[in-house]
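Numbering (full-length UniProt numbering), first residue to last: 1 to 527. Data block below; observations after.
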């Protein structure tokens, strides 16, 4: 841990640096709107001054609920400039969940987008705010900054910024001061807030920039365009896309919602060079291109690199995407508790399909057995991580922090294998492992093979209760358009592919699988 006496470091200086050196370079694109670095920084400063006028001080907590809109980086960097801690909420949260997060993180102010008829964020945010009595201020982000607030008694961001100066002196936070709190998914209970420092976030953004930019800088003139479809409230979108590319001085083009048609249109319109998604997004693009007979050539002409995280990518999906677009897909691995990047397939090294690469600069990764002892190369074990990316701890949860952080190592709960060359493969979540009749079955292995079945488009494997065996293996499958297959045929096919103890005896066909706002298959809903 970096000592409190360390040199000051504030994540917002990444934006300020380019506002000084490259003020006229385009920083943000959203539909037909363009903001250069000078404009983005000036508007951020106005918001920071407005926050100070509200009484927000260094160390206070500010919550933000906003999709991928220009408001997001403005409020985000404004809070950091003030020296506050920013907590970005999942926009899919309901009022009860919003109230929980606002109360749990001790938010003093809540900035919330007004939303749409389909997703009335403002109304839900106000209902949650009303149930969080210690949160003092709610500020509404509206599509028209000059319009009155859609909710009576709630000040708008336009009102907050009115007559505020476009200059601001950023608070000199220490490197080990908390910058961001990421809430985990809460799959094992109530969501917990992982505290990430300015140093955690800065170094991970630097690593993310360095992982992607060599291939971009060698190909283009420095005016690179990055498409952001991952939600910015999530750690990958926030660090590996927004922060890393603001640090690099790139142009960010924002999409508030992933839709294949919109993604492909923006890629072509803005001549996108870099895109990061989760495996389900890559899969959806492939399906859309095939179904609509789209020529990817105009997009491929500009696209230089893609990367994937959030969940292991099926090898077949990666192969198809690389073949169609003629571009590498670099896969990485991380957790919110790691800012989030821990490993990555590096540009200057060969990729190994099915792996998530090697540890990034300044990070160590190992796999251990149940006794905490390192396992030999090629053997399964729980993944442990330590380095500049690891969180301070869980906010107000000393017991959970002590369980997760032991002897300087973060215990991830993921099962992996590290080969002789240091490449990590994700076997499964430790808690997702199926125990069938005393045998360990790892869904990830089965999913990879099932994706090669000619009728299978998408699959999720999990354990379901069984009186005799404890758990039985079940596969939930989305079939390819026009494909024919019965449950019995798939089970018989699997019997030929897997050992007797692990092949799925149960198969259920679905029109679609439940997907989270961050693009992950929600196995807990399938359960």
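In this text, a Cβ means the ideal position worked out from N, Cα and C, and glycines have one as well. Because the structure is a prediction, the values reported are computed rather than measured.
Original post:
Taking three-plus beta-carbon pairs below 8 Å as touching, is the segment 98-108 in contact with the segment 32-48?
Top reply: The segment 98-108 is not in contact with the segment 32-48.
Original post:
Helix or strand or just coil, what does DSSP make of residue 45?
Top reply: Along the chain shown, one-based indexing puts residue 45 at 45. Helix at residue 45.
Original post:
Excluding sequence positions up to five away, which residues of its chain have a Cβ less than 6 Å from the Cβ of residue 516?
Top reply: Your numbering for residue 516 matches position 516 in the chain shown. Answer for residue 516: 522, listed in chain order.
Original post:
To the nearest whole angstrom, what separates the beta carbons of residue 105 and residue 193, a pair I think is in contact under 8 Å?
Top reply: Here the question's residue 105 lines up with position 105 in the chain shown. Here the question's residue 193 lines up with position 193 in the chain shown. Going by Cβ atoms, the distance from residue 105 to residue 193 rounds to 6 Å, so yes, they are a contact pair.
**OP:** Please find out if some non-hydrogen atom of the ligand ADP comes closer than 8 Å to the beta-carbon of residue 344.
**Re:** With respect to small molecules bound, the structure shown includes none, and the ligand ADP cannot be examined in it.
**OP:** Pick out the complete alpha helix (DSSP H) segments inside the segment 429-504, 4 residues or longer, and give them in chain order.
**Re:** With a minimum length of 4 residues, the continuous alpha helix (DSSP H) runs that stay inside the segment 429-504 are 443-450, 487-497.
**OP:** Identify, in the order they occur along the chain, each residue of the same chain with its Cβ nearer than 6 Å to the Cβ of residue 167, setting aside the five sequence neighbours on each side.
**Re:** Indexing the chain shown from 1 puts residue 167 at position 167. Listed in chain order, the non-local C-beta contacts of residue 167 below 6 Å within the same chain comprise 45, local neighbours out to five positions each way being set aside.
Original post:
Under the rule that 16 or more other beta-carbon atoms within 10 Å means buried, what is residue 530, buried or exposed?
Top reply: There is simply no residue 530 to check, as the chain begins at 1 and stops at 527 in what is shown.
Original post:
What span of residues does the alpha helix (DSSP H) with residue 401 cover, start to end?
Top reply: Here residue 401 refers to the residue found at position 401 of the chain shown. For residue 401, the enclosing alpha helix (DSSP H) has its first and last residue at 398-404.
Original post:
Comparing alpha-carbon positions, which option in 307, 490, 76, 354 lies nearest residue 12?
Top reply: As a position in the chain shown, residue 12 is number 12, starting the count at 1. Scanning 307, 490, 76, 354 for the CA closest to the CA of residue 12 turns up 76.
Original post:
With a cut-off of 8 Å, do at least 3 Cβ pairs link the segment 378-390 to the segment 332-352?
Top reply: Because the criterion of three Cβ pairs below 8 Å is met, the segment 378-390 and the segment 332-352 touch.
**OP:** Spatial neighbours of residue 489 within its chain, please: CB distance less than 6 Å, with the 5 preceding and 5 following residues excluded, ordered by chain position.
**Re:** Counted from its first residue, the chain shown places residue 489 at position 489. Result list for residue 489: empty, nothing under 6 Å.
Subject >> Element boundaries [alpha helix (DSSP H), containing residue 409] >> reply: Position 409 of the chain shown holds residue 409. Here residue 409 belongs to no alpha helix (DSSP H); instead the beta strand (DSSP E) covers 409-418.
Original post:
Does DSSP classify residue 181 as helix, strand or coil?
Top reply: Counting from one through the chain shown, the residue named residue 181 turns up at place 181. For residue 181, the secondary structure class from DSSP, reduced to helix, strand or coil, is strand.
Original post:
In terms of DSSP beta bridges, what is residue 112 paired with?
Top reply: If you number the chain shown from 1, residue 112 lands on position 112. Answer by DSSP bridge pairing, in chain order: 65, 140.
Subject >> Short Cβ contact (9 Å threshold) for residue 213 with residue 224 >> reply: The residue you call residue 213 lines up with position 213 of the chain shown. The residue you call residue 224 lines up with position 224 of the chain shown. Yes; because the gap between Cβ atoms is below 9 Å, this pair is in contact.
Subject >> Reference residue 40; option with closest CA among 73, 52, 435, 49 >> reply: Walking along the chain shown from the start, residue 40 turns up at place 40. Ranking the options by Cα distance to residue 40, first place goes to 73.
Subject >> Span of the alpha helix (DSSP H), counted from its first residue to its last, around residue 129 >> reply: Mapped onto the chain shown, residue 129 falls at position 129. Where residue 129 is concerned, the enclosing alpha helix (DSSP H) stretches over 121-130.
Subject >> Which of helix, strand or coil DSSP assigns to residue 34 >> reply: Translated into the one-based positions of the chain shown, residue 34 becomes position 34. Of the three classes helix, strand and coil, the one that applies to residue 34 here is strand, per DSSP.
Original post:
Can you find at least 3 beta carbon pairs, one from the segment 475-482 and one from the segment 448-462, that sit closer than 8 Å?
Top reply: Taking a cut-off of 8 Å for Cβ pairs, the segment 475-482 and the segment 448-462 touch, as three or more such pairs fall below it.
**OP:** Taking the CB atoms as reference points, tell me whether residue 93 and residue 122 lie closer together than 9 Å.
**Re:** In the chain shown, the residue the question calls residue 93 occupies position 93. In the chain shown, the residue the question calls residue 122 occupies position 122. It is not a contact, given that the beta carbons lie outside the stated cut-off.
Subject >> Whole-angstrom C-beta distance between residue 423 and residue 528, which should lie under 8 Å >> reply: Here the chain has residues from 1 to 527 only, and residue 528 is not among them.
Original post:
Can you name the start and end residues of the beta strand (DSSP E) that residue 194 belongs to?
Top reply: By 1-based counting over the chain shown, the position of residue 194 is 194. Where residue 194 is concerned, the enclosing beta strand (DSSP E) stretches over 193-197.
Subject >> Distance, residue 504 Cα to residue 380 Cα >> reply: Walking along the chain shown from the start, residue 380 turns up at place 380. Walking along the chain shown from the start, residue 504 turns up at place 504. The alpha-carbon separation between residue 380 and residue 504 amounts to approximately 21 Å.
Original post:
What is the DSSP secondary structure of residue 351, counted as helix, strand or coil?
Top reply: Numbered from 1 along the chain shown, position 351 holds the residue referred to as residue 351. In the structure shown, residue 351 sits in coil (DSSP, three-state: anything other than H, G, I, E or B).
**OP:** Select from 112, 508, 352, 241 the residue whose C-alpha is nearest the C-alpha of residue 329.
**Re:** Here the question's residue 329 lines up with position 329 in the chain shown. For residue 329, the nearest C-alpha among the options comes from 352.
**OP:** Put residue 524 into one of helix, strand or coil per three-state DSSP.
**Re:** Working through the chain shown from its first residue, we reach residue 524 at position 524. Under the three-state reduction of DSSP output, residue 524 falls in the helix class.
Original post:
Using the C-alpha atoms, what's the distance from residue 283 back to residue 532?
Top reply: Summary: the structure shown does not reach residue 532, with the chain confined to residues 1 through 527, and so no result is reported for it.
Original post:
Exposed or buried, what is residue 187 when buried is set at 16 or more other beta-carbons lying within 10 Å of its beta-carbon?
Top reply: One-based indexing of the chain shown puts residue 187 at position 187. The pLDDT assigned to residue 187 is 41, lower than 50, so where the model puts this residue is not dependable; a value taken from the coordinates is nonetheless given after this. Exposed, since its Cβ has fewer than 16 Cβ neighbours within 10 Å.
**OP:** Would you mind stating whether residue 314 and residue 448 have Cβ atoms separated by less than 9 Å?
**Re:** Translated into positions along the chain shown, residue 314 becomes position 314. Translated into positions along the chain shown, residue 448 becomes position 448. Their beta carbons are under 9 Å apart, which means residue 314 touches residue 448 by this criterion.
**OP:** Rank 436, 509, 120 by C-alpha distance to the C-alpha of residue 65 and give the top, closest one.
**Re:** In the chain shown, residue 65 corresponds to position 65, counting from 1. Looking from the CA of residue 65, the closest CA among 436, 509, 120 belongs to 120.
Subject >> Separation of residue 360 from residue 302, as counted between CA atoms >> reply: As a working mapping, residue 302 is identified with position 302 in the chain shown. As a working mapping, residue 360 is identified with position 360 in the chain shown. So the alpha carbons of these two residues sit roughly 27 Å apart.
Original post:
If you compare alpha carbons, which of 182, 195, 71 is closest to residue 145?
Top reply: Position 145 of the chain shown holds residue 145. Checked all of 182, 195, 71; the closest Cα to residue 145 is 71.
Original post:
In whole angstroms, what is the alpha-carbon distance linking residue 240 and residue 248?
Top reply: Within the chain shown, numbered from 1, the residue matching residue 240 stands at position 240. Within the chain shown, numbered from 1, the residue matching residue 248 stands at position 248. Roughly 11 Å between the two C-alpha positions.
Original post:
Skipping 5 residues on each side, what residues in its chain have a beta carbon closer than 7 Å to that of residue 466?
Top reply: In the chain shown, the residue the question calls residue 466 occupies position 466. The beta carbon of residue 466 lies closer than 7 Å to those of 472 in the same chain, with the five residues before and after it left out.
**OP:** Going by CA-CA distance only, name the one from 257, 246, 300, 244 that's closest to residue 267.
**Re:** On the chain shown, residue 267 is found 267 positions in, with the first residue counted as 1. Measuring C-alpha to C-alpha distances from residue 267 to each of 257, 246, 300, 244 identifies 300 as the nearest.
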